[in-house]
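Asker:
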Amino acid sequence: MNSEGPRGVTDRRMVRLRKFSTGGDVVGVCCSGAAGATDHRCGVMLTDMNPLTDSIFAHGLFLKRASLFRLGYSRRQIASAVATGAVLRVRKGWYTVPSTPLMAIEAFCIGGRLTGLSAFKTYGLWTPDTAKLHVTVPHDARALRRPCDMNTRLGLIDREHCAITWTDDRTARAADTPWRTSIIDALVHILTHEGRIAAIICLDAALNAAQHGRPGIDEHDLDTIFARAPRAVQGWRAEVDGRAGAGGETEFRLLTAAAGIPFVPQPFVDGVGYLDGQIGPHTFVEIDGKEWHDNPRAREIDTHRDAVVVRQHGTVIRVTYQMYRTHWSLTLAALLCAIEDDWKLDAPSQFPPFPWRPKKPRKPRRERSRRHRKQPAESSKLIDEAEQARH
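Residue numbers (this note's numbering): 11 to 401.
1) At which residues does the alpha helix (DSSP H) containing ASN218 begin and terminate?
2) Report yes if the CB atom of THR325 is closer than 9 Å to the CB atom of VAL319, and no otherwise.
3) Can you give me the C-alpha to C-alpha distance between THR137 and ARG86, rounded to a whole angstrom?
4) Which of the three DSSP states, helix, strand or coil, is assigned to PRO275?
5) Pick out the complete beta strand (DSSP E) segments inside the region 70-143, 3 residues or longer, and give them in chain order.
6) Using DSSP bridges, identify the partner residues of ALA173.
7) Would you kindly work out how many angstroms separate the C-alpha atoms of ALA209 and LEU201, rounded to a whole number?
8) Restricting to Cα atoms, I'd like to know which of VAL295, ARG253, HIS323 and GLY252 is closest to ILE271.
9) Helix, strand or coil for GLU249 per DSSP?
10) Taking the CB atoms as reference points, tell me whether ARG247 and LEU264 lie closer together than 9 Å.
11) Counting C-beta neighbours from all protein chains within 10 Å, is the total for GLN288 16 or more, i.e. buried, or is it exposed?
12) In the DSSP assignment, what residue or residues form a beta bridge with ASP178?
13) Between the region 152-171 and the region 111-127, can you find at least three pairs of beta-carbon atoms closer than 8 Å?
14) Using DSSP with H/G/I as helix, E/B as strand and the rest coil, what is SER379?
15) Could you tell me which of THR110, PRO188 and CYS212 sits nearest to THR140, measuring between CA atoms?
16) Report yes if the C-beta distance between ILE174 and ILE227 is below 9 Å; otherwise report no.
17) Run the CB neighbour count on LEU342, radius 10 Å, all protein chains shown included, and call it buried at 16 or more, exposed below.
18) Determine the DSSP secondary structure at ILE167, reduced to helix, strand or coil.
19) Can you list, in chain order, the residues of its chain whose CB lies under 6 Å from that of THR110, leaving out five sequence neighbours each side?
20) Measure the alpha-carbon distance for VAL107 versus ASN218 and round it to whole angstroms.
21) So is GLU170 buried or exposed if we call it buried at 16+ other beta carbons inside 10 Å?
22) Going by DSSP in three states, GLN322 sits in which element: helix, strand or coil?
23) Is HIS292 close to chain C, meaning its C-beta is less than 9 Å from at least one C-beta of that chain?
24) Run through DSSP, which three-state label would ASP159 get?
25) By alpha-carbon positions, which one of ASN60, CYS158, LEU345 and ILE349 ends up nearest to ILE115?
26) Could you give the distance in angstroms between the alpha-carbon of LEU73 and the alpha-carbon of TYR105?
27) Does THR330 come out as helix, strand or coil in the three-state DSSP assignment?
28) Once you ignore the five residues that flank ALA256 on each side, which residues in its own chain have a CB closer than 7 Å to its CB?
29) Going by the DSSP bridge assignment, what does THR293 pair with across the sheet?
30) Closer than 7 Å by C-beta to ASP316: which residues in its own chain qualify, once you throw out the five before and the five after it? Chain order, please.
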């Protein structure tokens with residue numbers, strides 16, 4: 011066996027898996043040298059640091075053996091660090107630290123960099139779920155390896171887990187980081203390979219993050235991204251809006267727009283703060299996710315905020331991700347009834363002005379056709395629920 015350590019990363023069982031969530035876990039390169047510190051630009055935390063791991067950490071999580079030699083480390087020091095698990099050998103002549111995100115290690119073992127949704131998530135941005143590891147390699151790349159074994163060539167079975175594109179730029183690899191593409195490159199990849207809703211969610215998230223001082227994009231970057239994107243997706247540009255605080259809000263906005271319901275993101279109400287959306291002069295929508303709204307303290311805050319809105323003759327409709335994704339017919343019926351009632355309300359309002367007024371609010375199609383043909387049991391149940399909620 012090689013004195014420097016094991017033949018493959020997974021043989022060591024030293025990779026600390028990190029839980030990723032669409033809520034925005036931050037993963038990346040921390041340039042701070044303090045043990046246990048987390049850089050908010052990236053968020054990888056390294057514990058039990060020593061000079062060697064500190065050097066790898068500070069140089070982008072992956073460092074060549076030749077670079078370690080130039081920094082003054084000997085072969086014995088490197089081999090000892092690998093033997094104790096303080097350092098991992100992920101590819102011939104390349105080393106990283108155990109706290110490096112697993113998917114970054116897998117991409118590096120393959121011989122490429124994270125891109126698309128996989129890279130986008132590592133910047134701490136709200137990202138749609140993906141079952142695949144998205145990796146980009148140079149167009150002339152050779153000898154790609156399995157993500158879990160640097161000594162075995164990439165096989166067909168690995169393609170079920172990995173989505174590989176041959177578009178990486180070697181110059182960019184040297185200028186950026188050796189394990190992930192930039193946010194702009196990741197978004198170009200997403201526009202090229204993902205669907206409309208997923209792409210707009212990511213663009214919204216990146217715009218919103220930059221507005222709050224986090225890694226993201228601005229309007230100039232948006233121009234650059236669409237200039238590089240396929241012609242077929244150019245129409246999506248008009249649907250991008252960086253005000254949404256979470257991807258679920260963007261998804262809901264796109265669904266309501268498709269149903270003909272205007273949705274104004276993040277309206278500000280005195281005494282309440284920002285709400286997720288406004289669909290009428292006095293009607294607001296809150297889209298509740300488990301991360302924040304699923305505990306007693308959060309529910310108490312939500313109840314108080316709702317009461318302040320109602321005190322001003324307003325209405326708050328609360329919708330969970332699960333509800334609008336699995337019971338959209340019921341959700342749409344509730345929204346339309348609330349809008350209809352809102353326009354009948356003649357009450358003073360201090361709410362943000364709402365510019366759209368439908369001539370006649372649309373009724374759910376299934377409700378109109380109920381008299382003429384028998385509805386499936388599930389559809390009838392949803393309509394009954396909507397009617398009961400209205401009365």
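From the three backbone atoms N, C-alpha and C, an ideal C-beta is built for every residue, glycine too.
Answerer: Answer, in terms of the structure:
1) 206-221
2) yes
3) 42 Å
4) strand
5) 98-101 and 104-106
6) HIS144
7) 6 Å
8) VAL295
9) helix
10) no
11) buried
12) PRO148
13) yes
14) Low confidence applies here, because SER379 scores a pLDDT of 49, under 50, leaving its location unreliable and the question unanswered by this model.
15) CYS212
16) no
17) buried
18) helix
19) LEU71
20) 31 Å
21) exposed
22) coil
23) The question asks about chain C, but that chain is absent: this structure has only one protein chain.
24) strand
25) CYS158
26) 5 Å
27) strand
28) TRP136 and GLY299
29) THR325
30) VAL326
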